[in-house]
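Number of protein chains: 2
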Amino acid sequence: MSKDSLKSYLYDLASRKPAPGGGSAAALVGATGAALLSKVANFTVGKEKYKGVEKEMFQVLERSGMLHEDFMKLCSEDAIAYKKLSGAFKLPKDDKTRKKKVQEALKEATSVPFEICKVSHEAIKLALLAAEKGNTNLITDAGIASLMLKCAFQSGLLNIEINLKSITDNAFITNLRKILEPMGKEVDAINEEVTEEAERHLKGEG
Amino acid sequence: MSKDSLKSYLYDLASRKPAPGGGSAAALVGATGAALLSKVANFTVGKEKYKGVEKEMFQVLERSGMLHEDFMKLCSEDAIAYKKLSGAFKLPKDDKTRKKKVQEALKEATSVPFEICKVSHEAIKLALLAAEKGNTNLITDAGIASLMLKCAFQSGLLNIEINLKSITDNAFITNLRKILEPMGKEVDAINEEVTEEAERHLKGEG
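As structure tokens, this is what we get:
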């Protein structure tokens with residue numbers, strides 16, 4: 054991924070190639086949100102006015118950088134998981150191992166979007182910190198980052214659900230949904246908080 | 054933009070450079086959504102099962118490709134508008150033309166995010182078409198595209214509002230909001246329709 058030009062990545066995304074697809078694109082949007090959080094932190098640290106929050110902003114900078122890298126890895130890994138799954142689907146119908154291999158590949162294919170959800174959930178917490186304590190000149194960047202991280206989470210969720218549709222292991226499904234449901238609620242709630250914080254500033258109250 | 058690697062674009066976004074910022078990033082997310090719509094259309098045309106919707110899907114393909122390009126242009130233009138604005142702000146405070154130049158630059162700086170909103174609004178209509186009539190194997194891609202286009206719209210809106218905060222021409226503000234408000238409602242409503250369509254398929258009803 055690292056040497057791909059942005060233009061050619063997006064053409065591949067648009068093309069009639071099976072990958073990259075929505076999962077990879079979701080990770081890209083997450084990476085974009087995480088990068089914007091680093092920008093907010095970068096414009097906060099070292100400023101006299103924000104001396105009191107400098108330690109927290111250095112943490113935002115460090116963590117958002119790590120999550121940015123996590124997203125970029127997921128952006129590539131999604132394509133690999135996809136290939137494995139379509140390989141399993143292509144096994145001859147009378148292959149006795151086909152059912153088992155497809156089920157395994159389906160479970161594996163949920164793992165990348167699940168990671169996207171987890172990383173988005175981590176990153177959006179930093180967006181709240183950036184919105185509440187970061188340089189207020191960049192309040193819309195914090196707000197936009199939050200919107201992107203919520204979008205990445207919801208996109209990951211859709212890609213999990215399409216795989217769950219064909220998974221027969223009910224315990225696996227129940228377990229995954231039990232983790233994701235509260236996570237999704239928290240992502241929504243945090244995004245609302247960030248949006249309210251941004252609106253407060255935009256109305257001149259901040 | 055065309056030769057920038059994805060990695061270096063995101064590092065610039067994360068860095069302590071004034072541009073690219075949230076506006077450019079919003080356009081990138083829009084471009085990603087538009088590209089995914091092209092993918093859905095590319096996997097629909099030419100298939101016997103979807104012969105009845107082929108004409109519409111060729112239109113989705115053509116339009117999404119154009120909007121993808123529009124977004125990419127906006128991705129670069131946002132940085133230019135930003136530079137002009139910060140140039141105006143840097144004029145000496147006793148410069149008699151400063152106030153006027155800042156106001157002009159602020160109005161210009163709303164124009165890129167306003168275009169992002171307009172293009173997102175156009176593109177999300179295609180997402181509905183792709184979700185309702187496109188290849189159902191790619192229903193989550195249509196759903197993810199819709200989430201991204203809504204995200205791009207909302208991000209554009211935040212970047213318009215931060216400029217409106219400093220604009221003194223009330224007629225300009227009222228006029229812009231009058232256009233954006235119904236557009237925003239429509240974007241939300243379409244995204245809900247697309248999400249419902251995707252959920253219907255994920256529950257096995259599609």
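Order-wise, the sequence lines are chains A and B.
Residues 54 to 259 (my numbering) are what the first sequence spells out, left to right.
Residues 54 to 259 (my numbering) are what the second sequence spells out, left to right.
C-beta: ideal position from N, C-alpha, C; glycine also.
These numbers come from a predicted model, not from an experiment.
Going by Cα to Cα distance, which pick from the options is closest to residue i?
i          : options                                           : result
Glu-252(B) : Gly-257(A), Asp-222(A) and Asn-212(A)             : Asn-212(A)
Glu-168(B) : Phe-225(B), Lys-218(B) and Gly-76(B)              : Gly-76(B)
Leu-233(B) : Leu-200(B), Ser-164(B) and Glu-250(B)             : Ser-164(B)
Ile-197(A) : Ala-141(B), Ala-80(B), Lys-60(B) and Asp-65(B)    : Ala-80(B)
Gly-83(A)  : Val-113(A), Glu-214(A), Phe-206(A) and Glu-250(A) : Phe-206(A)
Glu-185(A) : Tyr-62(A), Thr-97(A) and Tyr-64(A)                : Thr-97(A)
Tyr-103(B) : Arg-151(B), Pro-166(B), Thr-189(B) and Asp-241(B) : Thr-189(B)
Glu-239(A) : Asp-148(A), Ser-199(A) and Ser-219(A)             : Ser-199(A)
Ser-173(A) : Tyr-62(A), Glu-107(A) and Asn-244(A)              : Asn-244(A)
Ile-220(B) : Ile-220(A), Leu-255(A), Gly-237(A) and Asn-223(A) : Leu-255(A)
Lys-60(A)  : Ser-68(B), Tyr-64(B), Lys-70(B) and Thr-85(B)     : Thr-85(B)
Gly-237(A) : Asp-148(A), Tyr-135(A), Cys-170(A) and Ser-139(A) : Cys-170(A)
Ile-192(B) : Glu-250(B), Thr-227(B) and Glu-101(B)             : Glu-250(B)
Lys-100(A) : Gly-187(A), Thr-248(A) and Gly-257(A)             : Gly-187(A)
Using a threshold of 7 angstroms, is the CB atom of residue i nearer than that to any non-hydrogen atom of the ligand SAM?
i          : result
Glu-246(B) : Here there are no bound small molecules, and the ligand SAM is not part of this structure.
Give the DSSP bridge partners of residue i, in chain order.
i         : result
Ser-58(A) : Ser-58(B)
Within the continuous alpha helix (DSSP H) that includes residue i, where are the two ends?
i          : result
Glu-101(B) : That residue, Glu-101(B), is in no alpha helix (DSSP H); it is neither H nor E in DSSP.
Ala-224(B) : 223 to 255
Thr-163(A) : 151 to 186
Asp-147(B) : Segment: none, Asp-147(B) is in no alpha helix (DSSP H) and carries neither H nor E.
Ala-198(A) : 192 to 217
Beta-carbon of residue i versus every beta-carbon of chain B: anything under 8 angstroms?
i          : result
Asp-123(A) : no
Gln-112(A) : no
Ser-55(A)  : Since pLDDT at Ser-55(A) reaches only 46, below the 50 mark, its modelled position is unreliable, and the value read off the structure follows with that caveat. At least one chain B Cβ lies under 8 angstroms of Ser-55(A).
Tyr-62(A)  : yes
Thr-85(A)  : yes
Asp-241(A) : no
Cys-204(A) : yes
Ala-158(A) : no
Using C-beta distances below 7 angstroms, list every residue in its chain close to residue i, excluding the 5 sequence neighbours before and after it, in chain order.
i          : result
Ala-132(A) : Ala-72, Pro-73 and Ser-77
Val-155(A) : Ala-141 and Phe-142
Asn-216(A) : Leu-159, Ala-162 and Thr-163
Leu-179(A) : Leu-90, Val-113, Arg-116 and Ser-117
Met-54(B)  : With a pLDDT of only 47 at Met-54(B), under the threshold of 50, the placement of this residue in the model should not be trusted; the figure read from the coordinates follows. Only Met-125, Cys-128 and Ser-129 meet the Cβ criterion.
Cys-204(B) : Val-82
Leu-262(B) : There is no way to answer for residue 262(B), as the model of chain B reaches only from 54 to 259.
Phe-225(A) : Lys-160
Leu-63(A)  : none
Leu-181(B) : Ile-243, Glu-246 and Val-247
Gly-257(B) : none
Does residue i have its Cβ less than 8 angstroms from a Cβ in chain A?
i          : result
Ser-173(B) : no
Asp-194(B) : yes
Ile-226(B) : no
Met-260(B) : An answer regarding residue 260(B) cannot be provided, because it is not within the stretch 54 to 259 covered by chain B.
Phe-96(B)  : yes
Asn-212(B) : yes
Ser-164(B) : no
Ala-183(B) : no
Val-82(B)  : yes
Ser-139(B) : no
Leu-66(B)  : yes
Ala-132(B) : no
Lys-102(B) : no
Ala-180(B) : no
Lys-238(B) : no
Spatial neighbours of residue i within its chain, please: CB distance less than 6 angstroms, with the 5 preceding and 5 following residues excluded, ordered by chain position.
i          : result
Ala-176(B) : Ala-87, Leu-120 and Leu-202
Ala-183(B) : Leu-90, Val-93, Val-113 and Ala-195
Pro-166(A) : Gly-76, Gly-209, Asn-212 and Ile-213
Glu-107(B) : Val-98
Met-110(A) : Ala-94, Thr-97 and Val-98
Arg-69(B)  : none
Lys-218(A) : none
Tell me which residues share the same chain as residue i and place their Cβ nearer than 8 angstroms to its Cβ, disregarding the 5 neighbours each side in the sequence.
i          : result
Pro-145(B) : Arg-151
Lys-137(A) : Ala-158, Glu-161 and Ala-162
Ser-58(B)  : none
Taking 8 angstroms as the CB-CB limit, is residue i close to chain D?
i          : result
Ile-215(A) : Considering every chain present, this structure includes no chain D. Its protein chains are A and B.
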